[in-house]
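Below is one structure, written out as structure tokens; comments come after it.
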Amino acid sequence: MEKISFQDIIMKLQHFWIENGCIILQPYDAQVGAGTFHPATVLRSLGPKDWNVAYVQPSRRPGDSRFGDHPNRLQHYYQFQVILKPSPDNIQDLYLRSIEALGIDPKENDIRFVEDDWESPTLGASGLGWEVWCNGMEVSQFTYMQQIGGIECRPVAGELTYGLERLALYIQGINNFKDIEWSSYGNKVSYADVYLENERQFSDYNLNYANTEILLRQFNEAEEQCIFLIEKNLPLAAYDFCISSSHIFNLLNSRGVISVTERANYIARVRHLAKLCCASWIDLGK
Amino acid sequence: MNLLLELYSEEIPARMQKQASEGFRNIFIKKFQELGIEYEEIKVFSGPCRITLIAYKLNEFISLAAIEKKGPQVSAPENVIASFAKSCSVDVKDLVKKEISGNSYYFYAEESKTVKLKEILPNLIENSIGSYVWPKSMYWGNYKISWVRPLKNILCLLDSEILPVNYGHLQANNFSYGHKFMKFEKFSVNNPEEYFTKLGEYLVIADDSKRKEMILQSISKFSLEYNLEANFDEKLIDEVTGLVEYPNTLIANIPDEFMHIPKEILSCAMIQHQKYFPLSDKEGKFAAKFIFVANIISENDKNLIKGNEKVLAARLADAAFFYSEDCKKGIFEMSEGLKKITFHANLGNMSEKISRMVEISRILSNNNPDVIMATKLCKSDLCSGVVSEFPELQGIMGSYYAKSSNLNNEISFAIKNHYKPSGANDEVATASAAFVSIADKIDSLVGLYIAGERATGSKDPYGLRRYALGIIRLILENNLQINLKKLIDQIFVLYKNNITDNNQLVTLKKEIINFIEERYKNYLNKDFDAKLVNCLVDLNFCDDLTIIKDKLLSLTNFLQDNKGKEFIQSYKRVFNIVSSSKIDKYQEINNSSDIYEEDLIHIINKVSKEAEALEYQQLLVKLYEINPYLNNFFDNLLVISDDQLATIRRISILAKYIKLVDNFAKLKGI
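Which chain is which? The protein sequence lines are A and B, in order. If you want my numbering, it's the position in the first sequence, counting the first as 1, plus 3. If you want my numbering, it's the position in the second sequence, counting the first as 1, plus 120.
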């Protein structure tokens, strides 16, 4: 298998999906926990219109903060997200060809679709599908979205989520994210060169310095602003605040200030916002 | 004739395949039976992408029995009659009228006829496909049908003829598809007989029992070759069989540096997370090798092996890192973290729970120091790195950390087993572990009740029933004489800071006792007659659960005996007379001029006195001594007589008998 760089992985995936009917979107400019939170997935997966997009999404999981010391766990990482709506008959084949384009040959690597149904309590969303394993390692999530914001998806969108760092580690034959070759043109640049300091500083913030009073206030304010904008029929603007509340919740959680029963309550509040945004979006019929 | 039906889809969850095979088989058996279709055998095979049904030796012609279906009365509203006709797939004019008991009814009548199997099969098959309910199903694309995963193709042949089966957007054909990764081509199947061979050519082993056999044989072969043993659950083999269309069983290595980590971690990582088969040497120690099953045969099996080795090594590296950090920290320091873990929003944190549990353990074990220490530390592993990665190892890791902090075996044993029983079928903790387990469960049960949590008919999110049942089993199987009522009172004192309404205390305690009583009865009902259980459990059961069980045994045995049967007959007779008499005020009779009354009173009083000192078993026999006197009483006296006074007297004596018996077994319940 040819060792391709991190940015080449992204370029090849983008190229593949352009050739297979997707437009390339840019990452959403808000802090999100996964590519799924991008309005291109949450809102656009609802409603009857066709929608075929691919995009990189930087994602934040404060709970995974490890100061960059852990070989494959980061509080900030990249997902490559593909939405195909309606899900095409040959979606599995497309996925397999996409990883072939990265040099992973399904004839030489044991690729498996292992049951994994996805659920996001904060988005009121769920889907059925698989983890995709490559020689025992999970490299992607493959989901047929059944409902988002409590609303059924018709037609159904197929969501492919690639773990870019995972893929890079596999393709480049290494074990530590710091060694990932980010670029192979001219001077070699590693992932550590680009992101290690981020990991360190943000881990410190997430675990030790995030001001919980400010966060609690911000959560309430985001909730308030979201509801207000829904009343003004601006679901896209409102959704920004829903995303914001979800990220704030993740931060509060990683600071350890939310108890088990409180957690259920916070999740319910974010879900409520998500439902409002989705319902409003559907009503607008865009 | 042979029938072949293949439902080809995207990967079906391994855990659902077997059930689906059985489910489909049963559906077809039932439908064939309904229509009188005879067959030699029906077999259903499952795999990640296929459910295949083959029915052997069907008859070409089926005779359908005559049908007569009763409909509404002729005088019924038009729409009712019309809908009946529709349900029989005919027009109203095709219905016949028949008189029954003076009323005229519509009937649908069909004479018996002979049809060709191929005419009725398509409909039958369509209905059958639709009637299996997957545990979870989904929609995809723009299609209207739902299935466990996207259904892509239906192959349906009756001998070599394609049956016109339609399901949603799919129309049956004679195609199938080869191995998704090794030979993904479309090909035709000409008849049911060639199905397996044809699929085999395209690298698919459609017969799951064959795939399983292949895997087992490979495992045996490796075991022999390396002089190792593979110990695994049937469930794992079945799951792995359901993850491959063509099994390629391979053996791989575990880096030596990880072999020192606790075997439960190795097991968890290999089995639960990666679906690998661990191997052990003849002494039962984990070997530095594992077996896994790939879905492809490649020229470069080395690549597959290396890849899987890397993944496992990464997981174990994580685990080893956490384990060593955890051991360095030590179980005592780990315990500090309990303050940060909430038990319940209204009941404080785990550290506070542990404090209460320690007090309870103190009471239960009579200040046994090992039990107390084990209780102090039993939840500390919740703050460990390993448990955060492998939550299923709670308790087990605690025992390792205890050992690593130089605590004795008794303590680590108690920590390891204190969750048992965690399910109705789980084994029960013993010795010191039993005390910790009871302390944990009863603290949770009482606390959650105080916090307002309850188990309803449909939901029990906190597992209150499991806690109660666990406590009961622990007490009975360890034969512990625990006064639950007293214990619960003591626990309420421990929770005094969490109790908001002191007026509700009595009601709340009663609720808890009743809840436990229900579970206790349920538990006993499994082995004993529910009516007998009811008779005995009402009597202050919570003073000592073990006594009740012994009594039940004695009572059950006694009543199976001839004496016992006589006894119960007598009792019933007396009970019926007393309860149907209109007398509600009984007299205290201690002697009488009538000899039969006198004898009966005398024996009742005698037995009353002697009974106190007897073992339950002997007591029952003693009660039987009264029977001959009862017989004499009834044979010679009229209980309900014209003499009012005599009647009152006699009823009173009989009531005393009832009262006596009920002291020992509330038989009025029967």
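Virtual Cβ for every residue (Gly too), placed ideally from N, Cα, C. Since the model is a prediction, treat every value here as computed from it, not as a measurement.
Nearest-angstrom Cβ-Cβ length linking residue i and residue j, presumed shorter than 8 angstroms
i                : j                : result
Phe678 (chain B) : Leu757 (chain B) : That pair is no contact at about 28 angstroms.
Lys88 (chain A)  : Asn55 (chain A)  : 7 angstroms
Cys169 (chain B) : Glu365 (chain B) : 6 angstroms
Leu99 (chain B)  : Leu123 (chain B) : It is not possible to answer for residue 99 (chain B), since the shown part of chain B is limited to 121 through 790.
Ala551 (chain B) : Ser557 (chain B) : In fact, because the Cβ distance is near 10 angstroms, the residues do not count as touching under 8 angstroms.
Val35 (chain A)  : His275 (chain A) : Not quite, the Cβ-Cβ distance comes to about 18 angstroms (not below 8 angstroms), so this is no contact.
Glu126 (chain B) : Ser257 (chain B) : With 8 angstroms as the limit, Glu126 (chain B) and Ser257 (chain B) do not qualify as a contact, their Cβ atoms being about 19 angstroms apart.
Met477 (chain B) : Asp563 (chain B) : 5 angstroms
Leu589 (chain B) : Arg639 (chain B) : 5 angstroms
Residue i, DSSP secondary structure in three states
i                : result
Leu607 (chain B) : helix
His722 (chain B) : helix
Arg64 (chain A)  : coil
Met140 (chain A) : strand
Gln764 (chain B) : helix
Ala553 (chain B) : helix
Gly567 (chain B) : helix
Val657 (chain B) : helix
Phe180 (chain A) : helix
Gly166 (chain A) : strand
Tyr226 (chain B) : strand
Asn146 (chain B) : helix
Val45 (chain A)  : helix
Ile114 (chain A) : strand
Arg170 (chain B) : strand
Ala134 (chain B) : helix
Asn34 (chain A)  : The residue you asked about is not Asn; residue 34 (chain A) is Gln in the sequence shown. Three-state DSSP puts Gln34 (chain A) in coil, outside helix and strand.
Trp121 (chain A) : strand
Trp267 (chain B) : strand
Trp284 (chain A) : helix
Ser186 (chain A) : strand
Tyr582 (chain B) : coil
CB contact below 8 angstroms: residue i versus chain A
i                : result
Gln514 (chain B) : no
Glu509 (chain B) : no
Phe301 (chain B) : yes
Ala134 (chain B) : yes
Trp260 (chain B) : yes
Beta carbon proximity, residue i to chain B, threshold 8 angstroms
i                : result
Asp120 (chain A) : yes
Leu276 (chain A) : no
Trp20 (chain A)  : no
Lys181 (chain A) : no
Lys110 (chain A) : yes
Pro65 (chain A)  : no
Ser262 (chain A) : yes
Leu210 (chain A) : no
Length of the line joining the Cα atoms of residue i and residue j
i                : j                : result
Lys402 (chain B) : Phe352 (chain B) : 15 angstroms
Ile249 (chain B) : Val285 (chain B) : 10 angstroms
Ser340 (chain B) : Ser400 (chain B) : 13 angstroms
Ala37 (chain A)  : Gly515 (chain B) : 33 angstroms
Lys561 (chain B) : Ile608 (chain B) : 12 angstroms
Ile768 (chain B) : Asn654 (chain B) : 30 angstroms
Ile174 (chain A) : Asn423 (chain B) : 12 angstroms
Leu604 (chain B) : Ile595 (chain B) : 10 angstroms
Glu419 (chain B) : Asp376 (chain B) : 28 angstroms
Ala389 (chain B) : Gly166 (chain A) : 21 angstroms
Phe410 (chain B) : Leu348 (chain B) : 10 angstroms
Tyr539 (chain B) : Ser329 (chain B) : 37 angstroms
Ala175 (chain B) : Tyr287 (chain B) : 20 angstroms
Val694 (chain B) : Glu631 (chain B) : 35 angstroms
Residue ranges of each alpha helix (DSSP H) within the region 368 to 434 of chain B, 4 or longer: Listed in chain order, the complete alpha helix (DSSP H) runs (minimum 4 residues) inside the region 368 to 434 of chain B are 383 to 387.
Those runs of the alpha helix (DSSP H) which lie wholly inside the region 87 to 112 of chain A and span at least 4 residues: Listed in chain order, they are 94 to 103.
Segments of 4+ residues assigned as alpha helix (DSSP H) that fall wholly inside the region 667 to 730 of chain B: Entirely contained in the region 667 to 730 of chain B, the alpha helix (DSSP H) runs reaching 4 residues are, in chain order, 682 to 700.
Continuous alpha helix (DSSP H) assignments of at least 4 residues falling wholly in the region 436 to 509 of chain B: The qualifying runs are 451 to 455, 470 to 485, 489 to 497, 505 to 509.
Whole runs of the alpha helix (DSSP H) within the region 593 to 653 of chain B, excluding any shorter than 4 residues: Whole alpha helix (DSSP H) segments, 4+ residues: 604 to 614, 625 to 645.
Secondary structure, beta strand (DSSP E): runs of 3+ residues fully inside the region 262 to 346 of chain B: With a minimum length of 3 residues, the continuous beta strand (DSSP E) runs that stay inside the region 262 to 346 of chain B are 271 to 278, 295 to 297, 306 to 308.
Length at least 3, wholly inside the region 178 to 230 of chain B: the beta strand (DSSP E) runs in chain order: The DSSP assignment places complete beta strand (DSSP E) segments of no fewer than 3 residues inside the region 178 to 230 of chain B at 181 to 184, 187 to 193, 216 to 220, 223 to 230, in order along the chain.
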